[in-house]
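This report concerns only the one structure given below.
Protein chains: 2
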Amino acid sequence: MALRVNIAGLGTVGASLLQLLEGGQREGLAVSGISARSRSRDRGVDLSPYAWSDDPVSLAQADDAEVFVELIGGEDGVAKAAIETALRSGKHVVTANKALIAKHGLALAQLAEEMGVALRFEAAVAGGVPVVSGLRTGLSGSKILRLQGVLNGTCNFILAAMEGGASYADALAEAQRLGFAEADPSFDVGGIDAAQKLAILAAHAFGAMPPLTAIDPRGIDQVTPGDLSAARELGLRMKLVAAVSRTDDGLAARVAPALVPITSALDIGGGSENIVVVDAEPLGRVAFSGPGAGGGPTASAVLSDLTAISRGALGPAFGHPASSIDAAPKVAPDASPVPHFIRVLVEDRPGVLAGLTDILGRAEISIETIRQGPASQGEPGVELVLTTHASSTETHERAAAEIGKLEAVLAKPSVYPILSKD
Amino acid sequence: MALRVNIAGLGTVGASLLQLLEGGQREGLAVSGISARSRSRDRGVDLSPYAWSDDPVSLAQADDAEVFVELIGGEDGVAKAAIETALRSGKHVVTANKALIAKHGLALAQLAEEMGVALRFEAAVAGGVPVVSGLRTGLSGSKILRLQGVLNGTCNFILAAMEGGASYADALAEAQRLGFAEADPSFDVGGIDAAQKLAILAAHAFGAMPPLTAIDPRGIDQVTPGDLSAARELGLRMKLVAAVSRTDDGLAARVAPALVPITSALDIGGGSENIVVVDAEPLGRVAFSGPGAGGGPTASAVLSDLTAISRGALGPAFGHPASSIDAAPKVAPDASPVPHFIRVLVEDRPGVLAGLTDILGRAEISIETIRQGPASQGEPGVELVLTTHASSTETHERAAAEIGKLEAVLAKPSVYPILSKD
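So the sequence lines, in the order shown, correspond to chains A and B. Residue 240 in UniProt numbering sits at position 240 of the first sequence; the count goes up by one each step and never skips. Residue 192 in UniProt numbering sits at position 192 of the second sequence; the count goes up by one each step and never skips.
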């Protein structure tokens, strides 16, 4: 007998999901009812076979389905109310709503376990990349040590456009024009989206879900085209990298722009591609990559959850019982020693370099390469570009702040970690 | 209550598995009995807590466990007898034995289904890379169109050594010395190992399992250092690529050396790293990469199967009921049009190029680039290196055979497909 499915929210993902299910690609599933804001909007799908509901919460408790799919969005409000209602009514729930899962996932997982139903959200992280199921199943035999990812397509797009010479403002405007960035872009460019995804992955990988306030994400809005072209000359490319690892004392997390060697695993394309790299013991390093956004990939991930439920995979939402997941782990900034890139705009006069290397020396940061060259268009002075040997980001940032106070320094120095292959 | 596990075969993988389980990394599992050829060999693990059996088949039907793990190896013989006995005794089976699964997997899956038990083999393909579970779960929402992989670490190693200047014979000898290749290397270098893995993946992806005889694998034993250095000048690197796709008339398969652009997804390292790239609709392209061999990664994959079983994931072995899997699909060589690399050693005299381009023209193969240069050390004549526009491998090979008959041609021409990013 087919598992009956109610779907709330018929934007790009919901419409793609209806197309996939109509396409008969998957047996064992049948859509019963649907709900969306507008009944009349043309979505390229015939809605007439399905019962229409104006109210997602009513649809969530309707008796004509065993599964409720939430594609409304928003971390609270009607999405949350509908999911809670569905779970309380004993229905399995599938959602693509990362903001909601990052904020309320543990409480909802607890509710799902109490009711003996499944809560699944493969689509909430990295779109079509099957990393959530990978952590739940294929990697369950290894102890995960670290997880790094490039998880935000908007940042990929903006950084690639800036590498092509655009200013941050122009790149952002272009991303907005093409629909890759929201009118309020802070969620993406500020690193909040990546931090939410990282929290969800950490709960699977470590049984500890860092609250967003503990991750302290940095965004890409301070990155300049001059930084990117200087990095490029060193064979490095900028990505917004999210990383979390287990420490003796909780978790270490980083959501910040970082430089990765061109041709390294993390140097993925400038589009919506996402990648997650997992280091585990005794497994070694495993990577998952693919389309992180878009209606088709996301709907495909939702469908994989529906298929899993139809096959009876009703295990706990985060792979571990919700009660066993630490909801408030200690989270420290990633203090692992890595090389860094420092770029400073300075007046072209004697003694500047001496002042700078003196500060680095006192911070016990040792320099690997140093280069002086012309500044980029529109920038004052000349640029000094340094790469350093491994030390913590905090140490580097403290030193950079001191460097910024030198009289000959014309702008706040740029400091980025360089994440090499190892 | 812990799931009790009997393990037959205590080589590298078995010993690593015992270490992992002793390490207490996984709850819910407890080893009962073990069996191996030698009881006294030092494996770095204390065997005293486990019941010893000299006979794997007895162990397979012993009542003190719910799961039997087969790590003996060999496509027939005692491994097969033990697995059949375990399944018939109503025990779940986990194995890392790709040769056995490629040959007898469908019949064993059928038996497992009849007995209502699980048969799982994540470790049989790509070692620690969770591609089997990825196909079973995370990608189950998409229609898979094509699957490509670099699946043999021995070939990776030999090709990398040859790119560094070694002859095929020296590279093979070094691989044997380091334990990366067997005394009889034909299984790896002849492409049989990769073909077995491909057949297992195809059964998951397409519900059709090509018999090995239908795949007709090519190995790397005809590759020369001259081919590799000429390819390298074009930004290309050689890999043994296994690929299978769905056609209107069955499957199209390729297991053969192919050239991939340096920095493309398939251009993975020269060690035991494996990668599987899946193209699916509407998902797009997803890649899984990681360690394809080694005791730790393989044991980790076995453990992920054990964990899945302990969580109740008892679905059909290949993701589809065994009776629904086509055991004898039509398999054609991959005829998709792709660019090719052709290298010909010729006498340096007028008219040679005209004869060669005439043959290509009649075959309707159009040339993209052509370069003449000195042959590599130890080779006669000069080399002509061509890249062509997309056409089938068969067309190219027929033309190359004709070229080989030209009087001025000094050796059998080399022809390899170039697999680009798309």
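We put the CB at the ideal spot given by N, CA and C, even for glycine. Computed from a prediction, not measured in an experiment: that's the story for all the values here.
In summary, the residues of the segment 118-148 of chain A whose CB is separated from some CB of chain B by less than 7 Å are 122, 128, 129, 130, 133, 134, 137, 138, 139, 140, 141, 142 and 143, in the order they occur in the chain. Residue 318(A) and residue 197(A) have their C-alpha atoms some 13 Å from each other. Taking 7 Å as the Cβ-Cβ cut-off, the segment 216-245 of chain A has no residue approaching chain B. In the structure shown, the three-state DSSP call for residue 104(B) is helix. Take residue 310(A), set aside five residues on each side of it, and the residues of its chain with a beta-carbon closer than 7 Å to its own are 3, 28 and 29, in chain order.
For the pair residue 240(A) and residue 201(A), the CB atoms are not nearer than the 7 Å cut-off.
Here the C-alpha atom of residue 132(A) lies approximately 23 Å from the C-alpha atom of residue 330(A).
Taking the beta carbon of residue 304(B) as reference, the chain A residues within 8 Å of it are 137, 138, 139, 140, 141 and 142, listed in sequence order. DSSP places residue 417(A) in the uninterrupted beta strand (DSSP E) bounded by 414-417.
Residue pairing by DSSP places residue 340(B) opposite 417(B) in a beta bridge.
C-alpha of residue 150(A) to C-alpha of residue 274(A): approximately 5 Å in a straight line. In the three-state DSSP reduction, residue 148(A) falls in the strand class (E or B). With the criterion set as a beta carbon lying under 7 Å from some beta carbon of chain B, the members of the segment 285-296 of chain A are 285, 286, 287, 288, 289, 290, 291 and 296, in sequence order.
Shown here, residue 184(A) sits in coil according to DSSP, grouped into three states, outside any helix or strand. Rounded to whole angstroms, the separation of the alpha carbons of residue 304(B) and residue 181(B) is 27 Å. In the structure shown, residue 157(B) adopts helical secondary structure according to DSSP, grouped into three states.
In this structure, the beta-carbon distance from residue 299(A) to residue 20(A) falls below 7 Å. Residues of the same chain with a CB within less than 6 Å of the CB of residue 412(A), apart from the 5 flanking positions on each side, are 404 in chain order.
In the three-state scheme derived from DSSP, where H, G and I count as helix and E and B as strand, residue 367(A) is classed as strand. Taking the CA atoms as reference points, residue 265(B) sits about 43 Å from residue 90(A). Counting only runs of at least 4 residues, the segment 163-248 of chain B fully encloses the following alpha helix (DSSP H) elements, listed from N- to C-terminal order: 168-177, 186-189, 192-206, 212-215 and 225-233. Contacts between residue 263(A) and chain B, judged by CB atoms closer than 7 Å, involve 263 in chain order. When the alpha-carbon of residue 162(A) is set against those of 281(A), 144(A), 143(A) and 220(A), the nearest one is in 220(A). When the alpha-carbon of residue 262(A) is set against those of 213(A), 333(A), 175(A) and 160(A), the nearest one is in 160(A). 56(A) is the residue among 87(A), 141(A), 63(A) and 56(A) whose C-alpha sits nearest the C-alpha of residue 73(A).
In the same chain as residue 279(A), and ignoring 5 residues on each side of it, the C-beta atoms closer than 7 Å to its own belong to 145, 146 and 285, in chain order. As the crow flies, the alpha-carbon of residue 1(B) is around 37 Å from that of residue 64(A). Per the coordinates, the alpha-carbon of residue 194(A) lies some 39 Å from the alpha-carbon of residue 208(B).
Nearest CB-CB separation between residue 417(B) and chain A: not below the 7 Å threshold. Using a Cβ-Cβ cut-off of 7 Å, residue 315(A) is close to 311 of chain B, given in chain order.
For the segment 163-191 of chain B, no residue has a beta-carbon sitting nearer than 9 Å to a beta-carbon of chain A. In the structure shown, the three-state DSSP call for residue 285(B) is strand. For the pair of segments examined, the segment 167-179 of chain A was found not to touch the segment 334-341 of chain B: the number of CB pairs separated by less than 8 Å stays below three.
Judged by beta-carbon spacing, residue 272(A) lies within the 7 Å limit of residue 291(A), meaning their Cβ atoms are closer than that value. Looking at the backbone, the Cα of residue 177(A) and that of residue 385(A) are separated by about 34 Å. Look at residue 377(B) here: in three-state DSSP terms it is coil, with no helix or strand label.
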